[in-house]
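Notes follow once the structure below has been shown.
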Amino acid sequence: MAVPARAVVSPPGPGGAGDYATNIALQLARPAGQPALRVAEVLRTHLARSEGVTCVEITGPGFLNISLDRHAAGTALVRRILAEGMRYGHGDSLAGQVYEVRVPFEVRAEVLADALARIVASQGGRVAVHHLAGAQHFDARPLDHLDAQPLDAQPLDAQHLAVQPSPGASEPPFDDSEPRPGVSEPAFAVSEPAFAVSEPAFAVSEPLPGAPGPLPGSSQPLPGSSHPSQSPRAASQATRTAASPATRIAVQRPHLNSRSAPTELTTPLEAAQPAGDPRPTAPPTATPTPLDLRPHPAPEDPTPLGLDAACWALLHPAPHDRPRVTADHLVQRESNPLFRVRYAHARTRALGRNAGDLGFTAEAGGMGEEGEEGGHAASLSLLPLLADYPRVLATVAALPRAEGVAAPSRLARYLVVLADATLALLPVVLPLGEEKPSAAHRARLALAEAAGTVLAGGLSLLGIDAPDHL
């Protein structure tokens, strides 16, 4: 008898029981030549022995109703997150899918396109970005070159808000190759650059009227430049951080300043593979799905906020909402959502260090008795949020509809809710006073570390650092 390709499991209908129900016995009855109730009895014996299953009942003509052990399900979830690390929530629902995103030369559209590319890559897809010609923008520098250290939360004066001159051939104010302060290790460890430029950043088939000389990407050098094809500044911009260690994307990205000509960014997996790479190239993909990305533009230059706060300010609101570009994103207070998210992550890392000083480590298990004050309730509120993280990332599959475009905003708002639930758990993780570390303390520490892993992974997909010390 052939095994069915899929089994449908859903919440039980009228007359059902337990947490889930399935009609798999009805599917197998005809091929097996047995009554559905007989097949259901055989399956119930096997399912009842499965980990995390407390009860299996048969209802109606042969429906199997399954009840789960919530503690066992929570333990399995925490173990999965700790095992997968920052790859938890990644999938292949968009494998082979390519989105052709057309963006204007505007800072919020650029940041949104970058975040979408990371989230799409986490689901196995790819993004090809085309920059529209003749679009107006106010930003003189790409956000890639903001200083790693944001400005203090001081009133913004005219000097801070002044648009910086075009970078030209001078040295960049920030070197992407150097580690960011406050980060002990990169969000994703990769053995080779995930973003590599195999060709000039962009090519123009015809010169623009009145252009003073060859455009970037041409074979002739610019006036006053000693490099015929690419300057060290452009070369340093080629390497970007990866959205996922399993997805290697080559991105051809121009300066935001080069707004006078149409440009194209592509992400072929083949271009990212070095010469002699034994791994097979990606199979041919379907025709790219077009998407015009036109969020509400930023009201002012976000560069004084620093890279992390600027990205948050532009991504947290829905794409159709007007973003707030203010110094409120820099204050280290509870009123700042970005601070709460990063603080919750830093506290989970600090708990691991404190637990080591007390002589115990994290171990997934029961979180405590139901009547226990604080710990049990905080654990129950946090577990569903952690289980919902893959679904939040998978909403990007709705592209090119507005629901998919809003995936970065939805992720940012999810991280705020997760951070608040994590902060509620932290006071009951470590033993107090003369209390000895117990299995419940080890389980809560494992849950806190799992929450910190999800917070770090979500921030990295938004292009924001998650420091271990804050």
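Read in this note's numbering, the sequence shown has 1202 at position 183, and its numbers run on one by one without any break. We treat Cβ as the ideally placed atom computed from N, Cα and C, and that holds for glycine. This structure is a prediction, so every number in the text was calculated from the model and none was measured.
- Judged by beta-carbon spacing, PRO1314 lies within the 7 Å limit of LEU1131, meaning their Cβ atoms are closer than that value.
- Inter-residue distance for GLU1119 and LEU1357 is about 30 Å (C-alpha atoms, whole angstroms).
- At the C-beta level, ALA1383 and VAL1097 come within 7 Å of one another.
- Counting only residues of its own chain and dropping the five nearest sequence neighbours on each side, ALA1406 has a CB closer than 8 Å to the CB of LEU1096.
- Under the rule that a run must span 4 or more residues, the alpha helix (DSSP H) segments found entirely inside the segment 1068-1141 read 1089-1103 and 1126-1141.
- The alpha carbon of ALA1421 has as its nearest neighbour, out of ASP1320, ALA1147, ASP1340 and LYS1455, the alpha carbon of ASP1340.
- Under DSSP, the beta-bridge partners assigned to ALA1147 are GLU1119.
- Shown here for ALA1051: same chain residues with a beta carbon closer than 7 Å to its own, the five before and five after excluded, namely MET1020 and VAL1058 in chain order.
- By the beta-carbon neighbour count (other beta carbons within 10 angstroms, threshold 16), ARG1463 is buried.
- By the neighbour-count criterion, in which a residue is buried when 16 or more other Cβ atoms sit within 10 angstroms of its Cβ, PRO1338 is buried.
- LEU1434 and ALA1055 have their C-alpha atoms some 45 Å from each other.
- Rounded to the nearest whole angstrom, the CA to CA distance from GLN1142 to ARG1410 is 11 Å.
- A direct Cα-to-Cα measurement between HIS1090 and GLY1385 gives close to 6 Å.
- For the segment 1408-1485, there is no continuous beta strand (DSSP E) assignment of 3+ residues that stays within its boundaries.
- Excluding five sequence positions before and after ALA1417, the CB atoms of its chain that fall closer than 6 Å to its own CB belong to GLY1423, given in chain order.
- By the criterion of a C-beta distance shorter than 8 Å, LEU1412 is surrounded in its chain by GLY1108, HIS1109, GLY1110, ILE1138, SER1141, GLN1142, ALA1426, LEU1430 and LEU1480, once the five residues flanking it on both sides are discounted.
- Under the three-pair Cβ rule at 8 Å, the segment 1030-1046 counts as touching the segment 1070-1090.
- With respect to ASP1484, ASP1327 sits close: the two C-beta atoms are nearer than 7 Å.
- For ALA1458, the CB contacts under 8 Å within the same chain, skipping 5 residues up- and downstream, are GLU1382, GLY1384 and GLY1385 in chain order.
- Between the alpha carbons of THR1367 and HIS1460 lies a distance of about 14 Å.
- Per the DSSP secondary-structure output, VAL1022 pairs with nothing in a beta bridge.
- Annotation for ALA1040: the continuous beta strand (DSSP E) segment containing it runs 1039-1041.
- Residue pairing by DSSP puts VAL1028 in a beta bridge opposite THR1041.
- Buried is the label assigned to ASN1084, since at least 16 other Cβ atoms lie within 10 Å of its Cβ.
- In the three-state scheme derived from DSSP, where H, G and I count as helix and E and B as strand, LEU1066 is classed as helix.
- Per the DSSP secondary-structure output, THR1308 pairs in a beta bridge with TYR1118.
- Secondary structure note for ASP1487: it is in no alpha helix (DSSP H), with a DSSP letter that is neither H nor E.
- With distances taken between CA atoms, ALA1040 lies nearest to LEU1087 out of LEU1087, ARG1068, PRO1023 and GLN1053.
- With fewer than 16 other Cβ atoms from the protein chains shown falling within 10 Å of its own Cβ, ALA1026 counts as exposed.
- Note that the C-beta distance between PRO1342 and LEU1333 is below 7 Å.
- In this structure, TYR1362 keeps its C-beta atom at 7 Å or more from the C-beta atom of LEU1445.
- If the five residues before and after VAL1448 are omitted, its C-beta is found closer than 6 Å to the C-beta atoms of LEU1370, ARG1463, LEU1464 and ALA1467, all from its own chain and listed in chain order.
- Short of 7 Å from the beta carbon of ASN1355, and not among the five residues preceding or following it, lie these beta carbons of its own chain, in chain order: ASP1347 and HIS1348.
- Annotated as distal: LEU1062 and ALA1048, with beta-carbon spacing of 7 Å or more.
- Taking the CA atoms as reference points, ARG1099 sits about 43 Å from GLU1319.
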